[in-house]
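Here the structure is laid out as structure tokens; the discussion comes afterwards.
Chains as they are written, first to last, in the working numbering: chain W, 1 to 670; chain L, 1001 to 1670.
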């Protein structure tokens, strides 16, 4: 892997980054005061709370998502319950199949996720091998130059056993890692045996992998017999409401529903912060499309020429991870991406991630391998973002085919189909059976219904044969399992079989579903990593270059000092910003102006307005931009006008600097 | 109870109202296709999904809430997990006390909530009594005049046993009902026995009430030993993060945190639609305030003169439900409402409900009685809204005192306090113990620590006594449970006890919490009831007069017909509305214009823009207002300008009608 750099070109270092995120309360482990309490029994891993800036950032990402997907395409947004009766997930297949493979430590009873165990151990061995060969990556070299890393490096080397591997073994490890998501439980068990993989924590052997269902189970209502689960995805709520949504949409196809809400997965052993959590916010679209005609999309031309970085399943199965740049148009044409609608949403996802400030050099789309795909999917592409933990799946874009609607329809007996008027009525030549029910009833009495059903069940081919026999012999014999004698003789007075033309004016079909599914928390984490850097030479002065569109707070409003003459100006500006709908923080604490700016650089606040002595003289104020720390000075109206433009995205800072006078004044040093 | 009227003055009828809500998919029972599926086992009661208009209405209510509370007062919004380890709810008291009283039907095994059972049975008996006496309420009379109600009335009378009660018995029933929320399990059991209350469904006797805990239980992580619950309120997540929030707020008091999220209560037998559900959206504020100085609020003057309708606890305990109008200032002054901060939030709640369109004649604040109050509360006022189900608690406003922070602090050992610099340092005269540790150590060796702890634990009074003894005898004997001999002799060379003045420059205190807590789903339901009416004489033409601020969609955009010449105008207008950030629906279906207006009246869309033949001629469009059905006609710019003002609330329809020319054109009849 190439070195992970920040936007300033330096190496990304997770330690000061995590310290910043914690210090500014973007998020925090839930129930932290309990984790260290004496006698506390409980599992709080994989649970995180968002503090004020994290909460605002999350709300802004969700708001952008809603505008970009729901409003842009008039999707039908729904809000369905998390609590779901067992039967629904039995039908969808989640009760049987929504599991991860889990190994138990044979001695200390630890539970480990099998694929992660193998990954961790093999990656550690490969690292040890590199160390033994004296090969260091670009990343290692970069860090070597940073004295702050010396201690950490020493510790890291201690964790890794420096052992040289055979060339063949090293290659085998690399190939296993490229394919790691494609192994089933048996195969994972074999790999563990073959490569003597043990729990790194204590070096004990582990028991063979067993499936562990990831859904949280509970009981609904006062009787213990009603089992329920917390949904692991928002999709099923949308599927079971399909009929009502289609009706709400006045029967028109294609259409999409969308949902933003919490989902739950009982992860076996969550360790990587916000990236693997047990409770998380999802935003999902279910786009319903006619499976006939190649799943075209009417707006496909808007994404056709967009270039994306793809890692297809064939490449991965061959044991490597090389990506290629393709236009979405070419990818669909060459069937790398299965169809236009899937391709359209890959493009829309790409645009969304760019809009909120993801580093586009750190985005790829990876196709699922056959065994990796969820039990319902026909094709699936993940948008993966590169972080210090490697490539992280943040958005899934799956073609779920007609799977979900079909299984729910079958289980409930409710027709989850679209009835469409045929432009050209369909004419079907077929053998039809005419029964004289007035005679059939008296003849078979109680058995009449069984006879009738048996006749109706006869295939077209058999009907033709019966037609011939009836013409020749005047009577046919038909199997009727419902009668004591098991069959019935029917003569011409009772039955006739004739060839006729039937005209079908409508067509019923089960729509296929294309599902873009977003993990908001993962996206938020990656965005924080991607926008983090520090002022050159000063790791203590971190910055989050979050775009104004999603920044938690848009403006920091500060008086130069606590001098009382500034107060009325700050109050008036605050009220004007509120009227303009621009979120802002007032910081009138006694800290130096530099410290207050720094604090807000860490909060990702893009703009700063300062009230100083000149404000009192001539009613001008200064406007500071976070990334450049450059300032301009102008009248209140001009500055607020610029802020509105900057926040709405109708102007960029480079333009503002050109048209408003630069200000070089207050020092940012403390 | 007085007759429940709609805004047009007619009687509110729940049947066409519910049909409208269902038809327009505001909300719908969850998993409905499963409820009727053959062989389905599961409990889906109390679970509802929001369809597109309900989802948008909910989002707009939440958005208004966030602006009205969070942004207005710079509250610290957090998003905490629903999953909570058992220990947290053991500490908060929910594991022991968060229960309802439940009776089991002795024969058919039904579970019934005890207080609701008594209410239902006694109310039915009182109805039967009225019928027997030939007394009909205003409401009954009103309904009698409506032929649509004839059939329903007949059915209702059939359900009620027409039996005249003794005057005393009737009065007793009324008193029980006024106090119903104040009985504990034993008392409920006695009432059931005394009044021979049985399950109305089958008339079986019921077993004595037992407590049923309302929290959903689950297991977190792969080991079954880690019990967790779904939170029944968002509050605890805010309390356990108190220390971090205070720090984020740079130590400044008072401050508030806020949270918007789902909570869960495993209701015993939910029956009343959206009003009693098992999964619901809450919005809660935890306002932390210094308990000293009477819990004043700096903005109290803003609500002081506001008049509110109050039903205090004394009135209820006296067995009646008369309300009185008071200003909040008077209520606080006379201690009807305990303190300024509580009063301030009663006022803010009042303003919020008015803003979103609640009928203010149908709002009262009811105080909790002692037994009714949650285990943590010191005083509590509910904002109740009047509906066809009676008065419904929609917002609670509780003074939780220092309860929560104290119990969490005690359990975890984490100091959840505010440290405040004292303006005037506090001087405390006290007995201090000086120990010569250099001598104590060698003398008691392993026991030295126990001796030291025993000395430190001595009270001020004892210290004075010891001081005297030491002066007199030169040695004291102190109990030390940690020593084998259980005590220790300490002479003057080891210890001295002297009177000194200690100066405290800081003060530590546990803040009290004032908690306004909103059930968004209940508010949404009441708002729908309050804004529902139908065009005079035509129950089929329902209207929801939801204010523009929270209406699901602000504008309906329709071409007069499907004539292709209208298309480019509709497209352009749609794009301009999107740029203006005004949510709108285009309906270019073939239905008549009257039908399309009607559909949107039912969706609560306040404004309609029509493109017609004059638009093609002179680029003017019409603007229709939902409640009056009046229209104006003007240029595109003038109409869009008016729409922006109307939606932002800077102009009302009456003003628009005055300045733009009226239009009398397209008929609304079909």
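We put the CB at the ideal spot given by N, CA and C, even for glycine.
Apart from the 5 residues on each side of it in sequence, residue 401 of chain W sits with its Cβ closer than 6 Å to the Cβ of 378 and 512 in its chain, given in chain order. In this structure residue 1528 of chain L does not touch residue 1605 of chain L by the C-beta definition: roughly 14 Å separates them, more than the 8 Å allowed. Counting only unbroken stretches of 3 or more residues, the beta strand (DSSP E) elements lying wholly within the segment 280 to 359 of chain W are 307 to 311 and 324 to 327, in sequence order. Interface flag for residue 103 of chain W against chain L is unset, since no Cβ pair is found closer than 7 Å. Contact annotation: residue 436 of chain W and residue 494 of chain W have beta-carbon atoms nearer than 7 Å. Counting C-beta pairs closer than 8 Å gives three or more between the segment 1352 to 1359 of chain L and the segment 1520 to 1536 of chain L, which meets the contact rule. Within the DSSP secondary-structure output, residue 476 of chain W pairs in a beta bridge with W/490.
Among the bridge pairs identified by DSSP, residue 102 of chain W is matched with W/113 and W/210. One alpha carbon belongs to residue 1258 of chain L, the other to residue 1520 of chain L, and they sit about 14 Å apart. Here residue 1307 of chain L is not near residue 1315 of chain L, since their CB atoms are 7 Å or more apart. Residue state for residue 447 of chain W is assigned as helix, using DSSP reduced to three classes. Under the Cβ criterion (8 Å, minimum of three pairs), the segment 1157 to 1176 of chain L counts as touching the segment 1123 to 1131 of chain L.
About 6 Å separates the Cβ atoms of residue 478 of chain W and residue 490 of chain W, confirming a contact at the 8 Å cut-off. Inter-residue distance for residue 1380 of chain L and residue 1508 of chain L is about 26 Å (C-alpha atoms, whole angstroms). Within the segment 231 to 255 of chain W, the complete alpha helix (DSSP H) segments at least 4 residues long are 235 to 240 and 242 to 248, listed from N- to C-terminus.
Using a 10 angstroms sphere on the CB of residue 118 of chain W, the tally of other CB atoms reaches 16 or more, which defines it as buried. A check of alpha carbon separations from residue 1369 of chain L across L/1553, L/1348, L/1476 and L/1178 identifies L/1178 as the nearest. Residue-level contact by beta carbon holds for residue 1030 of chain L and chain W, with a gap shorter than 7 Å.
Here residue 214 of chain W is near residue 265 of chain W, since their CB atoms are less than 7 Å apart.
For residue 1531 of chain L, the enclosing alpha helix (DSSP H) covers residues 1520 to 1531. In its chain, beyond the 5 residues on either side, 1512 have a beta carbon closer than 6 Å to the beta carbon of residue 1291 of chain L. When DSSP states are grouped into helix, strand and coil, residue 34 of chain W belongs to the helix group. Beta-bridge partners assigned by DSSP to residue 1261 of chain L: L/1282. A direct Cα-to-Cα measurement between residue 1210 of chain L and residue 1217 of chain L gives close to 19 Å. Counting C-beta pairs closer than 8 Å gives fewer than three between the segment 46 to 57 of chain W and the segment 237 to 251 of chain W, which falls short of the contact rule.
Neighbours of residue 88 of chain W in chain L, taken as residues whose beta carbon is under 7 Å from its own, are 1031 and 1034 in chain order.
Distance from residue 1647 of chain L to residue 1547 of chain L at the Cβ level is roughly 10 Å; contact not present, criterion being Cβ atoms closer than 8 Å. Residue 1188 of chain L: member of the alpha helix (DSSP H) spanning 1185 to 1194, first to last residue. Note that the segment 1247 to 1255 of chain L does not touch the segment 1193 to 1206 of chain L; fewer than 3 beta-carbon pairs, one per stretch, sit closer than 8 Å.
Between residue 21 of chain W and residue 11 of chain W, the CB-CB gap reaches or exceeds 7 Å.
In the three-state reduction of the DSSP assignment, residue 1074 of chain L falls in the coil class, being assigned neither a helical nor a strand state.
Under the 7 Å criterion on CB atoms, residue 1226 of chain L is classed as interfacial with respect to chain W.
Secondary structure of residue 1553 of chain L (DSSP, three-state): coil. Apart from the 5 residues on each side of it in sequence, residue 1510 of chain L sits with its Cβ closer than 6 Å to the Cβ of 1402, 1405, 1406 and 1417 in its chain, given in chain order.
Taking a C-beta distance under 7 Å as the contact criterion, residue 1091 of chain L and residue 1411 of chain L qualify as a contact pair. The beta carbon of residue 1078 of chain L falls within 7 Å of a beta carbon belonging to chain W, placing the residue at that interface.
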